[in-house]
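Peer 1: Below: one structure in structure tokens.
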Amino acid sequence: MNVADVIVDVPTMQTNTPYSYLIPDDLKGRLETGMRVVVPFGNGNRKVEGFVVGIGNLAQDKTTTLKSISSIMDLSPVLNNELIKLSSWMANKTYSFQISCLLTMLPSVMKAEYSSTVELIGEIDDKSLANRFKKQQVIPFDEDHFSKAEMAKLSDLKKRNQIKMTYHVQNKAKPKTELAILNQITDFAEVTQEISKNATAQIKLLKLLQKFPDQPLIQRKIVNENAISISAINNFVKKGFVKKIRVEKYRNPYKHQIVLNKPKKLNSDQQIAVNKVDRAIAQHHDRVFLLEGVTGSGKTEVYLQTIQHAINDKRQALMLVPEIALTPQMVGRVKNRFGSQVAIIHSGLSNGEKYDEWRRINQGEAQVVVGARSAIFAPLKNIGLIILDEEHDASYKQDDNPRYHTRDVAIWRAAYHHCPVILGSATPSLESRARAEKGVYDLILLPNRINQQSLPQVTIVDMTQEIEKHGDIFSTELLNDLKQTINQGNQVVLMLNRRGFSSFMLCRDCGHVLMCPNCDISLTMHLDSHTMKCHYCGFEEAIPNICPVCHSKNIRYFGTGTERAAQQLEKLIPEAKILRMDVDTTKRKGAHENILRKFGNHEANVLLGTQMIAKGLDFPDVTLVGVLNADTGLDLPNFRASERTFDLLTQVSGRAGRSDKNGKVIIQTFNPDNYAIKLASTQNYEKFFQKEMELRHLADYAPYYFTIKVTISSLSEHQAAKEAYQVSNYLKGNLEKDTIILGPTPRPIARVKSRYYYQIIIKYKRDQNLDQALKHVQQVSQKEIRKGLRIAIDPEPVNFM
DNA sequence: AGCACGCCGACT
DNA sequence: GTCGGCGTGCTC
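Numbers 8 to 808, taken from the working numbering, label the letters of the first sequence in order.
Okay, structure coming up:
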């Protein structure tokens, strides 16, 4: 056991494989698989972080001389075998580097920080450079801190050994540690002879060591629990019988004095669902259940009770929710049921807090983990149940490398742990629902709202008939209902899926539309910040008074965002007290909770927001929901546009009438006959599913075909286009005949952050050559990649912009 | 990624 | 003639 296989933190195609390192004697016995290490890599004395993925003996046929591991970064492993296996599966499945997968599975503080220093050894004649070394011989090396001439001088000095570069790998993850001792004795009989008979403390310590010869013993515990003094321990250190080391300090699992909520009584549908899942938990069966329940049907109670069963079975539960549904309301329900056994991972935690929570889970102190996408990698060791709430939600797909889908990872982990998965939704993804149809998943229906509440009454308002009357935002019907609801003391949720005040500026004289200088997208006006903003790259500039092209004063702003809607509504209904909730008002930490708390306390009667208000909110006094423009998602260049619209409308409608009061929903649209809008108004998922399946079948899209999006981008449009055609030609020549290749085409928003994007869509049912062809593409384009080209391979993309 | 090696153009 | 530009290969 003298060699460790290490995945190094060098994310490239060529280094995407384990490298072998010798384990130096002083690290033997301490190094374990799953630990992070610092290793030398490449020329000079460059050091990088790496993950030990295996320990073994040096293969006989290895002729290369191996380098040695420099140091260990962790006191105990941060990865178990399951997660190491998962990372390699994931890398393969998402066409990404294993190191990227490993790093996304862990809290961000585990990614090392790199820096380097230069030490002056000889003399330098260069004046400016000599100045830098005036105060000290060792200075930090930062490439853009030195001029080009100085850099040249430095590399020259280095060649002549006049300076020395040192590379540092900083570990940002600093768990609390405490002193422990590690046994060094091999022959206990011999040592026993050596110790004087009246040294009682030493004899006691020796016996303790003999009992646990291989594990570190915590000094504090030896002193407190065995009544052995520190001086006896230090004596042993002097004699070389033990070595002092630092080990991670384990938190005391605190017992929370919290009144736990009792399980609620289930209706018969819920009971059937719970029973089915329970059976799978008990039988260690990795079954996938699709729990399809209308909004308000009590899915959460099913989750909570099945989680309880996993715990009763001495196993753990993992519950995933979309980030925006991770509201205090939802978290509260889980915490109140399971108390201190719950770990919550949400975006509001600082990196340090996330690390603490992660360690708690890793130490086995949490039995239930709740979190958004990345929580699927929680280091639970004995999972009995995995839940994906709102399984259709787009946020479950990671939009950059590694482009994994949480659902796939969940199913992989469930298979590993032999436990069931619940995919819950009122509007399942077509893929999941189709799988349930085929019997791959087990379909469980919750067709009724709990307590026999009726679904809210939904009215579709045709805005093409309304536009003349009140500007273009509020229809007469919605205004009347708003007034009525507010006067009755009830509350309203209004959704407008567009941020800002106006979505674009148009010059009436020359037709110029103000665009982002870095992206092919118009700038949105924000009154809050008095700027024109780009929603893609964050560019901001002052709001112009005149057209920047023809200098005409005749400029107008079009398109309505949440800001303008709020302003208009204040004018139209003065008694409306409005809370606005969108990316702009929730940026600050805790702002999200704040807004919802205020709304819950009736400090406002209208909650106006973007799609982030559609999910999970449960306010009993909301009796009216208004969708100001149901069309925003419909014309996106995405084959899931209808699905998204149906989902969004169904979700937001579900916010109305959740207690004993009846709810009403008004959907304003310019496409009153659109099937997604019509069917959402009756919450008819089944019919929508049938209709959408027909269309997907006709257009050869999911779930009938798998999709892969290949995006080629570069700062040079020419390079991107050229390479895109080369890639597409290669694929056309190497994929099977019934695989469909669309493109290359410029992406719908062809330029973002000054990069030009081309994309190719591959649609296939089964293609044996696909994997190899795509890997070939990644391999072959290395040259272009060096010149700034990027190739992103995205299996089952959710975003086409 | 980061470094060395090696091959070509523009300069004291 | 040499210096240094960048294209290419390699890292246990």
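Where a beta carbon is used, it is the ideal one built from N, C-alpha and C, also for glycine.
Based on Cα-Cα distance, which residue from F677, A663, N678 lies nearest to K671?
Peer 2: Taking only the C-alpha atoms, the option nearest K671 is A663.
Peer 1: Please identify the residue among S77, S761, Y411, M502 whose C-alpha is closest to the C-alpha of A98.
Peer 2: Per the Cα distances, Y411.
Peer 1: So, at 7 Å on beta carbons, what are the nonlocal neighbours of A373 in its own chain, with the 5 sequence-adjacent residues on each side left out?
Peer 2: Excluding positions up to five away in sequence, the list reads Q348, V349, A350, R367.
Peer 1: Taking only three categories from DSSP, how would you classify A728?
Peer 2: DSSP places A728 in helix when its eight states are reduced to three.
Peer 1: With DSSP as the reference, identify every bridge partner of V46, one or two as the case may be.
Peer 2: Looking at the DSSP assignment, V46 forms a beta bridge with V55.
Peer 1: Taking the DSSP output, what are the residues bridged to R253?
Peer 2: BP columns for R253 point to L186.
Peer 1: From the DSSP output, which residues share a beta bridge with H533?
Peer 2: BP columns for H533 point to T538.
Peer 1: Answer with buried or exposed for F219, where buried requires no fewer than 16 other C-beta atoms within 10 angstroms of its C-beta.
Peer 2: Exposed, since its Cβ has fewer than 16 Cβ neighbours within 10 Å.
Peer 1: Does the beta-carbon distance from S357 to E330 come in below 8 Å?
Peer 2: Contact: no.
Peer 1: Can you find the residues in the same chain that come closer than 7 Å, C-beta to C-beta, to E650, ignoring five residues on each side of it along the sequence?
Peer 2: If we look at E650 and ignore the five residues flanking it on each side, its Cβ neighbours are L437, E699.
Peer 1: Applying the 10 Å Cβ sphere with the 16-neighbour rule, what's the burial state of K35?
Peer 2: Classification of K35: exposed, given that the 10 Å Cβ count is below 16.
Peer 1: Which residues share a DSSP beta bridge with E299?
Peer 2: Looking at the DSSP assignment, E299 forms a beta bridge with S432, L452.
Peer 1: For T714 and I769, I'd like the C-alpha separation in whole angstroms.
Peer 2: Approximately 6 Å between the Cα atoms of the pair.
Peer 1: Using 8 Å as the threshold, is the C-beta distance between I673 and D469 below it?
Peer 2: Taking 8 Å as the Cβ cut-off, I673 and D469 do not qualify as a contacting pair.
Peer 1: Is the region 404-422 close to the region 80-93, with three or more CB pairs under 8 Å?
Peer 2: Yes, since at least three Cβ pairs between the region 404-422 and the region 80-93 fall closer than 8 Å, the two stretches touch.
Peer 1: Look up H263 in the DSSP assignment and say whether it is helix, strand or coil.
Peer 2: For H263, the predicted model reports a pLDDT of 49, less than 50, meaning its position is unreliable and no value from the coordinates is stated.
Peer 1: Kindly list the residues whose CB is nearer than 6 Å to the CB of Q658, restricted to its own chain and excluding five residues on each side of it in sequence; keep chain order.
Peer 2: Answer for Q658: A621, K622, listed in chain order.
Peer 1: Which term fits E232, buried or exposed, when burial requires 16 or more other beta carbons within 10 angstroms of its beta carbon?
Peer 2: That one is exposed.
Peer 1: Can you give me the C-alpha to C-alpha distance between C541 and A757, rounded to a whole angstrom?
Peer 2: So the two alpha carbons sit approximately 15 Å from each other.
Peer 1: Curious, which full-length beta strand (DSSP E) runs of at least 3 residues does the region 568-645 contain?
Peer 2: The qualifying runs are 585-588, 613-616, 629-634.
Peer 1: Nearest CA to the CA of T24: which residue from V85, S94, N52, N50?
Peer 2: Per the Cα distances, S94.
Peer 1: Would you kindly work out how many angstroms separate the C-alpha atoms of H424 and V284, rounded to a whole number?
Peer 2: Each residue's Cα considered, the two are about 15 Å apart.
Peer 1: Using three-state DSSP, classify T24 as helix, strand or coil.
Peer 2: Here T24 sits in coil by DSSP.
Peer 1: When you compare only the Cα positions, how much space is there between L189 and I288?
Peer 2: Going by the C-alpha atoms only, they are around 41 Å apart.
Peer 1: Under a three-way DSSP split, which group does E150 fall into?
Peer 2: Three-state result, E150: helix.
Peer 1: Among G300, P335, A728, E255, which one has its Cα closest to the Cα of N369?
Peer 2: Of the candidates G300, P335, A728, E255, the one whose C-alpha sits nearest the C-alpha of N369 is E255.
Peer 1: Between which residues of its own chain and F546 is the CB-CB distance below 8 Å, once the five residues before and five after are set aside?
Peer 2: Closer than 8 Å at the Cβ level, and outside the excluded window around F546, lie C523, P524, N525, C526, L530, K540.
Peer 1: Between which two residues does the alpha helix (DSSP H) holding A648 run?
Peer 2: Per DSSP, A648 belongs to the alpha helix (DSSP H) from 648-660.
Peer 1: Looking at the structure shown, is L486 part of a helix, part of a strand, or coil, going by DSSP?
Peer 2: Helix, per DSSP.
Peer 1: Counting C-beta neighbours from all protein chains within 10 Å, is the total for K183 16 or more, i.e. buried, or is it exposed?
Peer 2: Result: exposed.
Peer 1: When the Cα atoms are used, what is the spatial distance from G41 to I14?
Peer 2: Distance between the alpha carbons of G41 and I14 is about 10 Å.
Peer 1: Near F807, which residues of its chain fall below 6 Å by C-beta distance, leaving aside the five closest residues on each side in sequence?
Peer 2: Correct list, in chain order: P644, N645.
Peer 1: Kindly list the residues whose CB is nearer than 7 Å to the CB of I79, restricted to its own chain and excluding five residues on each side of it in sequence; keep chain order.
Peer 2: Contacts found: L34, R37, L38, M42, V44.
Peer 1: Rounded to the nearest angstrom, how far is the Cβ of Q226 from that of L186, given a contact under 8 Å?
Peer 2: Indeed, because the Cβ distance is near 4 Å, the residues count as touching under 8 Å.
Peer 1: Determine the burial state of D207: buried for a count of at least 16 other Cβ atoms within 10 Å of its Cβ, exposed for fewer.
Peer 2: The sequence given here has Thr at residue 207, not Asp. Result: exposed.
Peer 1: Does the Cβ-Cβ distance between Y121 and V60 come in under 8 Å?
Peer 2: Not closer than 8 Å, so no.
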